[in-house]
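Report on the following structure.
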Amino acid sequence: MSIKEKDIKLLWGRSANRCSFPDCRMKLSQDKKMASESFPIGEQAHIVGKEEGSARSVSILSEEERDSYHNLILLCPTHHTLIDKNPEDYPIEKLHMIKAQHEYWVESTLSESHETKAKASDIIYAHLIDLTVEGCSFENWESWMSNLISPSHRIVIDTYMKAIQFTLSMHKAVWPGNLHELESAMKHFSTTMNIMLNFYIKNAESRGDYYIVDKFYKKRYYPQEIYQQFLDKYEKWEGYLDELIYEVVKAANWLADIVRRDINPLFMATNGKFSMVIGPDDNLSYQTVVPEYSIDQKKELIDSFEDKCRDLANRAASIDI
Ligand SMILES: [Zn+2]
Ligand SMILES: [Zn+2]
C-alpha cells in the first residue's frame, strides 16, 4: 500500500508545495532530479506513524487511513527529521495544528499568486507549442519532410528560414520548469531540427524559391577515379542527412505524444502521427513511414537528450563535403 495520487495532489496543492513547519515555508521539489539545496525534496511525513514502533504510531487508524491526505503533512527534510526525533515536542495534535495553520496561511496569502503562476506557465507552454507548429510548418509536415528526403532533397527557402528561426528562438526561450518531459521533448526536437538543417545547407544551393541538393559529382565530366571519390563523398553526406531527417521525425512524434498527454489531448489529432513518404526504391515504389522512438528510448532521452544531440552534431561536423 502506498499513498494515492489524489492524496498526493491534495497534500501538495493545499501546502502550495511548501514546508508546513512554522516560518519555514521552503519551496519543495516533487522530483528528485530537480531537487537542490535551495529547493529540497518534499517529504510526505505521516502524522500518525505508518510503521509500528515509528514516531507517533499509537493510534486506532487503519493502514489505509494512515496513508490518506488527512494523516500526511508536507515538510522539508530538516523539519521532517526534527519532528521525528522529538515526538514529545511534536505530538499528533500539534502536527495537525501546524498543518492546519500552514494551509490557512496558503489560502489567505498565497492562493491567488499560486494560481496565477500555474496559469502563467500554461500560457508559456502554449506559446512555445504555437511557435513550434508555426515555425516547423506542422500543418504541412508530410509534404515538406517528404521533399527533403526525396533524391533531389528540396525545401522551399521560406520553409527553411522559418524553421531555422524557430530553432534559434527556442534556444533563447525561458522555460517554466514544471513539465520536465515536455521541455526535454521540445528542446530535443528543436536541437535535432537545427542540426539537420545546418547539415543540409552545407551541400544545398538555391534554385528559385527552393534549396536543392548540390550533386557536385556529376556537375561536369570527371575522370572515373575522381568521379568515384566525389560520389562516395556525396553518398556519405546523403546517408547521414537521411539519418538526421529520421531523427527529426522521431523527435516530432515524441513531442506530439507529450503535448497530447500534458497539454491538449487533441493536439494534431486530425493529422495523426508525423510521417513522410520515402522512395523510389529499387522497384520504383514509394512508401509512407512513421519513424518513432521506442518507449525505452524516450525514457532515456528525457534526461540524456543533450548527449544524444551532441553526438549527432559531432558526427555532422566530421562529415566534410
Ligand atoms: Zn517520519
Ligand atoms: Zn521546513
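Going by the numbering used here, the first residue of the sequence shown is number 691, and it counts up by one from there. Glycine included, every Cβ here is placed at the ideal spot set by N, Cα and C. These numbers were taken from a predicted model, which means no experiment stands behind them.
Using the C-alpha atoms, what's the distance from residue j back to residue i?
i           : j            : result
residue 935 : residue 981  : 10 Å
residue 800 : residue 866  : 19 Å
residue 922 : residue 1007 : 17 Å
residue 884 : residue 758  : 48 Å
residue 920 : residue 964  : 34 Å
residue 907 : residue 893  : 12 Å
residue 868 : residue 924  : 44 Å
residue 993 : residue 733  : 23 Å
May I ask whether a heavy atom of ligand 2 can be found less than 8 Å away from the beta carbon of residue i?
i           : result
residue 711 : yes
residue 876 : no
residue 765 : yes
residue 663 : A question about residue 663 goes unanswered here, because the residues of the chain that appear run from 691 up to 1011.
residue 716 : yes
residue 870 : no
residue 768 : yes
Could you tell me whether the Cβ atoms of residue i and residue j are closer together than 9 Å?
i           : j           : result
residue 729 : residue 719 : yes
residue 886 : residue 945 : no
residue 825 : residue 862 : no
residue 838 : residue 847 : no
residue 967 : residue 836 : yes
residue 753 : residue 747 : no
residue 832 : residue 710 : no
residue 699 : residue 870 : no
residue 785 : residue 737 : yes
Is it right to say residue i is buried, meaning 16 or more other beta carbons lie within 10 angstroms of its own, or is it exposed?
i           : result
residue 898 : exposed
residue 819 : buried
residue 764 : buried
residue 739 : buried
residue 755 : exposed
residue 761 : buried
residue 789 : buried
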